[in-house]
Structures are given as structure tokens and as C-alpha cells.
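Colleague: Structure provided below as C-alpha cells; questions to follow.
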Amino acid sequence: MDNFTFYSPTYFVFGKDEENKVGHYVKRFGGSKVLVHFGGGSAERSGLLNKVRQSLNAEGIEFVELGGVQPNPRDGLVYQGIELCRKSGVDFILAVGGGSVIDSAKAIAAGAVYDGDFWDYYEGKVVTKALPLGTVLTISAAGSEGSGDSVITKEQGMYKRATTGEALRPKFSILDPALTQTLPAYQTACGITDIMAHLYERYLTNTKEVEVTDRLIEALLLTMIKEGPRAVADSNDYQARANIMWAGMMAHNNSCGVGRTQDWTSHNIEHELSALYDCAHGAGLAVVMPAVFTYNMHHDVMRFAQVAVRVWGCQMDFEHPEETAKAGIKALQAFLTSIGMPKNFAQLGAKEEDIDELAHKCCWGDVNTGTTGGFVPLNEDDVKAIYKLML
329 MDNFTFYSPT YFVFGKDEEN KVGHYVKRFG GSKVLVHFGG GSAERSGLLN
379 KVRQSLNAEG IEFVELGGVQ PNPRDGLVYQ GIELCRKSGV DFILAVGGGS
429 VIDSAKAIAA GAVYDGDFWD YYEGKVVTKA LPLGTVLTIS AAGSEGSGDS
479 VITKEQGMYK RATTGEALRP KFSILDPALT QTLPAYQTAC GITDIMAHLY
529 ERYLTNTKEV EVTDRLIEAL LLTMIKEGPR AVADSNDYQA RANIMWAGMM
579 AHNNSCGVGR TQDWTSHNIE HELSALYDCA HGAGLAVVMP AVFTYNMHHD
629 VMRFAQVAVR VWGCQMDFEH PEETAKAGIK ALQAFLTSIG MPKNFAQLGA
679 KEEDIDELAH KCCWGDVNTG TTGGFVPLNE DDVKAIYKLM L
């Protein structure tokens, strides 16, 4: 296990109707003029935004609003949010929505107190200062409610890039599983896939002797395998959604990733797909992960065999461990297909003729330097080969 530091200060408020107390928590963490940031019409139609407004009003907290966050959130709205915060004297940001809304809120929080272009952070600069923010989560997927990470798409060139910094961890996050019960089965499945990807990205490590975090990751994967189909089959299964919601936070606040190198190849390769085609991130990951794992399997066959045995119940073939590894990858893909996820380029809406462009942008686009991935460094030709495995 490697040396590490771990700081996760977010105050979590979990359970039914806890969103009604959001004003109390904004005040507790120092907010007096709030930007309420949200997505499309669902937060309004569901009555959630009215609950938030009433709670803020009850605490005497002023607020301004900015909606319109899209899946795969764009930099254009971030710039609008930064300007609104500065003009209105905002001192706290409240994200009401899923990972896209929270990621956009984090970008605004960082940019509002930065003299330069906020995109500097998405080109490698570490965020060290940001406005405080809180979240009311409506989708279990990205884990942004507990992490210091944010992903934004730059509209000029359609580059989807990430940043990180402890200053971006929410001060509080309200997690009411009932708020996810209105999600369609497809969005629920996309969220499940994203959560599982966050776990695999940490599981694929070159660090030895990391049994504690291996076991944590395996337990969370097993939870998703049990609870995911229940939530997809019955949108009103509160207990399944409660377990998924907490698993999603645990998967990405990095408690499972400390003391070990991590991969992130699947996310980097998928980001090009969702940037170009605007597909759901989880759906893209469902197609990408089996291809990446198949391509990288021989780098450490026993790591893939271990997860195959411990999580997917495959039999260990000690003479031919690659067969066990392959069985685990097939089991993952079969599970994702069973909950309604796509399994190839055609089902995702991606095009073979775009592979060269996708691979080039993944390795060289914006400020990228030619390779991607932490488990196995991959060049442009490698990435092309992986995209071709998705056909």
C-alpha cells in the first residue's frame, strides 16, 4: 500500500424528506446569498425546487437561480453562473440535481473566486479555493456529492475534461433516495453503470497488498449486482435505491482508492464518446469497459481473475487464469446488458468512421500529451484498437 492523505469533510444528511431542511444546512455552513443551480424541468415539476425555495425563505436566506444544466454539462453555462455569482454577491452555491448539476456548480464555485479562466482548472491547474457549496442529490451515479472532482465539456472543440481539488468537496449533501424514484429505468441503469465504473477504475491498480480497499470495492460491486436489478425492475423500491445511493457516494469519495494507483482509462475513452455524440455517460461506459478490460487483461491477468472469482462467482482456473479473467469480463457485460445498457457502437449511436478522431482527441486533444490510462499507459493506436473492439 502506498502512502496517502485522505480528507473527506462533507456532512451527509440521508433519508426521506431531508431536503426540507436545506435552508438550515445552508445557514449552518455560512451561506447568506445563494445561487440555486439546477437542470431541466424535472426539479420544478416534481416540486423539489419549491421545497428548496420554501426552506431557504424560512431561514431568511436570499437566493438567485440558474437552471439549464445539460447532461455532459457545458462551459457556456458555467461562465453565466460565474458572472451571476459575482454580480449578485453570492457566497454559497446549492446544486439541486445529479452529477451534471453538481459538476457545473463546482466549476462555478471555483471560477467565481478566480481571476483567470475557470477552464485553466480543467487543463491541469489544481483547485485550491472555491465558494462553498451544498447539494441536494436526485440521481445516484456520479458520486460528485461526496468527491472533489468535476467534469465539464468545452463547447469549442467539444473537449470533456476533469478537474479536482479538496476545495470542491461539498460542505453538505442531502441524500433522499425517494427523490430518485421518478427516474426512468434507463437512467437508473446508467447510474448503476457509472458507480460500477468508479469502482473498477480503482480496482485496476499496479499497487500491491491493498486488500482492505480491494475488499471494500468488491463489497460495493456485489451491492450493485444485488440492488441494481431491483431498482430497475421497481422504481419505487426505496430500500434498493437507498443502498445504491450510499454505494454511489462511497464509490467516488475516494475512500476505496486511497493508497493505490488508479486507472481511469475507461472514463477517458468514454468522455470522447459522450462529448461527440452526447450519449449518457453510463451508457458509454457500458460499451467501453468490457473493451478496455479485454485489451488490458494480460497486463495483470490475476487482478482480473480475482475480481471474476470474488465478485462474479467464476471458478478459478489456475492453469489458465486468462480464462477466468475473460469469464469475469463477460459476466460484467452480461449484467450491464441485463439492466438495459448497450453493448456496442451501434447501440450507443457511435460511428466506426469517427474512431480516428475519437482516439486522437483522447490522446492529444486540448492539453493531453499522447497517452491515457494509469493501469496501462495507452497510445493513440491502442485507443483506436479499443474503440474497434466496441463495434
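Following my numbering, the numbering of the sequence shown begins with 329 at its first residue and continues without gaps.
Beta carbons: idealized from backbone N, C-alpha and C, even for Gly.
All figures in this text were calculated on a predicted structure; none of them were measured in a lab.
Going by beta carbon distance, what residues of the same chain come within less than 8 Å of Gly668, once the five residues before and after it are set aside?
Modeller: So the qualifying residues of the chain are Ala513, Tyr514, Ala517 and Val560.
Colleague: Does DSSP classify Val704 as helix, strand or coil?
Modeller: Here Val704 sits in coil by DSSP.
Colleague: Can you tell me whether Phe703 is buried or exposed? The criterion is at least 16 other CB atoms within 10 Å of its CB, across all chains shown.
Modeller: Buried is the call here.
Colleague: Have a look at the DSSP bridge pairing and note the partners of Thr463.
Modeller: Note: Thr463 sits in a beta bridge opposite Ala423 and Ser501.
Colleague: Which runs of the alpha helix (DSSP H) spanning at least 4 residues fall entirely within the stretch 469 to 535, listed in chain order?
Modeller: The stretch 469 to 535 contains these whole alpha helix (DSSP H) runs: 513 to 531.
Colleague: Given Tyr339, which residues of its chain have a CB within under 7 Å of its CB, disregarding the five upstream and five downstream residues?
Modeller: So the qualifying residues of the chain are Lys499 and Phe500.
Colleague: Our contact map puts Val620 next to Asn672 with C-beta atoms below 8 Å; I'd like the distance itself, whole angstroms only.
Modeller: Val620 to Asn672, Cβ: 14 Å. No contact.
Colleague: With a threshold of 16 other CB atoms inside 10 Å of the CB of Met573, please say whether the residue is buried or exposed.
Modeller: So Met573 ends up on the buried side.
Colleague: Among the residues of its own chain, which have a CB less than 6 Å from the CB of Glu393, if the five just before and after it don't count?
Modeller: These residues qualify, in order along the chain: Val364.
Colleague: Apart from the five residues just before and just after Cys584, which ones in its own chain have a Cβ nearer than 6 Å to its Cβ?
Modeller: Here the set comprises Arg530, Thr541, Leu544 and Ile545.
Colleague: Ignore the nearest five residues each way along the sequence and tell me which others in Pro401's own chain have a CB closer than 7 Å to its CB.
Modeller: The residues are Ser428, Asp431, Ser432, Ile480 and Thr481.
Colleague: Alpha carbon to alpha carbon, how far is Val455 from Ala437?
Modeller: Cα-Cα distance, rounded: 10 Å.
Colleague: In terms of residues, what are the limits of the beta strand (DSSP E) holding Val364?
Modeller: From DSSP, the beta strand (DSSP E) with Val364 extends over Lys361 to Phe366.
Colleague: Evaluate the contact criterion for the stretch 464 to 472 versus the stretch 484 to 493: three or more CB pairs, one atom per stretch, below 8 Å.
Modeller: Touching, no, given that fewer than three Cβ pairs across the two stretches are closer than 8 Å.
Colleague: Which residues in the same chain as Lys679 place their Cβ atom closer than 8 Å to its Cβ, once the five residues preceding and following it in sequence are excluded?
Modeller: Phe673.
Colleague: Grab the span of the alpha helix (DSSP H) containing Leu377 for me, first residue to last.
Modeller: Note, Leu377: alpha helix (DSSP H), Leu376 to Ala386.
Colleague: Straight-line CA distance for Cys642 to Val635?
Modeller: When rounded, the distance between both Cα atoms is 9 Å.
Colleague: Who are the near neighbours of Glu549 in its chain, counting only those whose CB is closer than 7 Å to its CB and skipping five residues on each side?
Modeller: It should be noted that the sequence gives Leu, not Glu, for residue 549. Closer than 7 Å at Cβ, skipping near neighbours: Met524, Leu527 and Val639.
Colleague: State the start and end residues of the unbroken alpha helix (DSSP H) segment that holds Tyr605.
Modeller: Counting along the chain, the alpha helix (DSSP H) containing Tyr605 begins and ends at Thr593 to Tyr605.
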